[in-house]
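Residue numbers (this note's numbering): 193 to 451.
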Amino acid sequence: MNTIDIRTVDVVQYLQPLREGGSMPAIVKADDDFLYVLKFRGSGQGKKSLISEFIGGEMARAIGLKVPELVFMNLEDTFRQTEPDEEIQDLLKFSVGLNLGLHFLSGAITFDPLISTADAITASKVVVLDSLISNIDRTAKNANLLYWHNELWVIDNGASFYFHHNWETWQNHLTRTFPFINDHVLLQQATALSDAATEIKKHLTREKINEIVNNVPEDWLTSESDVLNANEKRAAYNQFITTKLSMIDVLVKEAEDAR
Numbered sequence: 193m194n195t196i197d198i199r200t201v202d203v204v205q206y207l208q209p210l211r212e213g214g215s216m217p218a219i220v221k222a223d224d225d226f227l228y229v230l231k232f233r234g235s236g237q238g239k240k241s242l243i244s245e246f247i248g249g250e251m252a253r254a255i256g257l258k259v260p261e262l263v264f265m266n267l268e269d270t271f272r273q274t275e276p277d278e279e280i281q282d283l284l285k286f287s288v289g290l291n292l293g294l295h296f297l298s299g300a301i302t303f304d305p306l307i308s309t310a311d312a313i314t315a316s317k318v319v320v321l322d323s324l325i326s327n328i329d330r331t332a333k334n335a336n337l338l339y340w341h342n343e344l345w346v347i348d349n350g351a352s353f354y355f356h357h358n359w360e361t362w363q364n365h366l367t368r369t370f371p372f373i374n375d376h377v378l379l380q381q382a383t384a385l386s387d388a389a390t391e392i393k394k395h396l397t398r399e400k401i402n403e404i405v406n407n408v409p410e411d412w413l414t415s416e417s418d419v420l421n422a423n424e425k426r427a428a429y430n431q432f433i434t435t436k437l438s439m440i441d442v443l444v445k446e447a448e449d450a451r
């Protein structure tokens with residue numbers, strides 16, 4: 193089993209904002225000379241969207257889906273001083289510290305549900321994964337999928353695990369299904385859901401889930417306004433994912449019925 197090794201890099205150049213995203217990520221250059229799409233801790237959903245992005249992305253990678261490399265990115269408080277846009281100034285100010293970067297796929301094409309296709313097992317894996325992590329943001333309006341070198345790449349899992357926006361009631365979500373799957377952009381192409389579920393169960397072992405969750409930076413899990421501490425949150429993410437995996441057949445049936 194491959195172990196997770198997340199690199200940490202420093203942002204050395206802010207290049208341009210990506211304004212089509214609600215959280216206004218940006219293309220930046222790091223000290224390793226690569227370009228990344230930087231997801232900011234100071235954006236609307238804050239550190240919780242980074243946690244969703246990270247856990248969802250590494251779960252996708254673990255089950256064999258194509259995901260850009262994820263890196264932790266240090267942002268210093270120097271970039272806002274030369275930034276003329278006040279909105280971006282504030283975003284940079286509140287994002288000083290550890291953020292999340294996705295390797296920039298230069299020349300990638302946005303998935304278009306009207307003309308793009310995915311093979312049955314890949315589409316089915318994405319559908320089942322999004323049911324497991326309660327990802328409400330993979331619709332025809334906003335697919336969050338790219339084509340790069342003739343392969344489908346999964347990006348942007350930041351709207352997953354929405355239970356963590358209210359820690360007082362998070363356990364209420366444990367046994368819920370995911371009716372939002374009805375709006376999934378790949379649902380009609382997902383004709384191998386049972387096979388995908390078998391593959392996912394094989395790769396998402398308790399050890400792998402624990403490893404992914406344990407790689408979430410402590411800093412992202414710390415909040416004075418939350419009722420749980422960092423260790424309790426790690427345990428909650430673990431419990432949520434393992435519980436969803438235990439009911440994967442129910443989630444598959446729900447997706448099949450929606451098809």
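Every residue gets a Cβ at the ideal spot worked out from N, C-alpha and C, and that includes glycine.
Check: What residue from Ile392, Pro260, Tyr206 has the CA that sits closest to His341's CA?; Outcome: Pro260
Check: What number of angstroms, rounded off, separates the C-alpha of Ile328 from the C-alpha of Leu378?; Outcome: 13 angstroms
Check: How many angstroms separate the CA atom of Leu321 from the CA atom of Glu279?; Outcome: 34 angstroms
Check: Relative to the C-alpha of Ala384, which candidate in Ala310, Thr195, Ser415, Ile325 has its C-alpha closest?; Outcome: Ala310
Check: Return the residue from the list Leu443, Ala351, Ser417, Val408 that minimises the CA-CA distance to Ala427.; Outcome: Val408
Check: Apart from the five residues just before and just after Arg330, which ones in its own chain have a Cβ nearer than 8 angstroms to its Cβ?; Outcome: Val318, Asp322, Asn336, Leu337, His376, Val377, Leu378
Check: Sort out for me which residues DSSP pairs Lys425 with in a bridge.; Outcome: Answer is none; Lys425 lacks a bridge partner.
Check: Check whether the stretch 231–242 and the stretch 342–358 touch, using three or more Cβ-Cβ pairs below 8 angstroms as the test.; Outcome: yes
Check: Please work out which residues of its chain come closer than 8 angstroms, Cβ to Cβ, to Met265, disregarding the five sequence neighbours upstream and downstream, and give them in chain order.; Outcome: Thr200, Val201, Asp202, Val203, Val220, Ala222, Tyr228, Leu230, Leu290, Asn291, Leu292, Gly293
Check: DSSP has Met265 in a bridge; who is on the other side?; Outcome: Val201, Asn291
Check: For the stretch 381–448, list the alpha helix (DSSP H) runs that are entirely contained and at least 4 residues long, ordered along the chain.; Outcome: 385–395, 398–406, 422–438
Check: Report all residues from its chain with a CB closer than 6 angstroms to the CB of His365; omit the five preceding and five following residues, and keep chain order.; Outcome: Phe355
Check: Taking the DSSP output, what are the residues bridged to Ala222?; Outcome: Val203
Check: What separation, rounded to the nearest whole angstrom, lies between the Cα atoms of Phe150 and Asn430?; Outcome: Lying before the first or after the last residue shown, residue 150 is absent from the chain, which here runs from 193 to 451.
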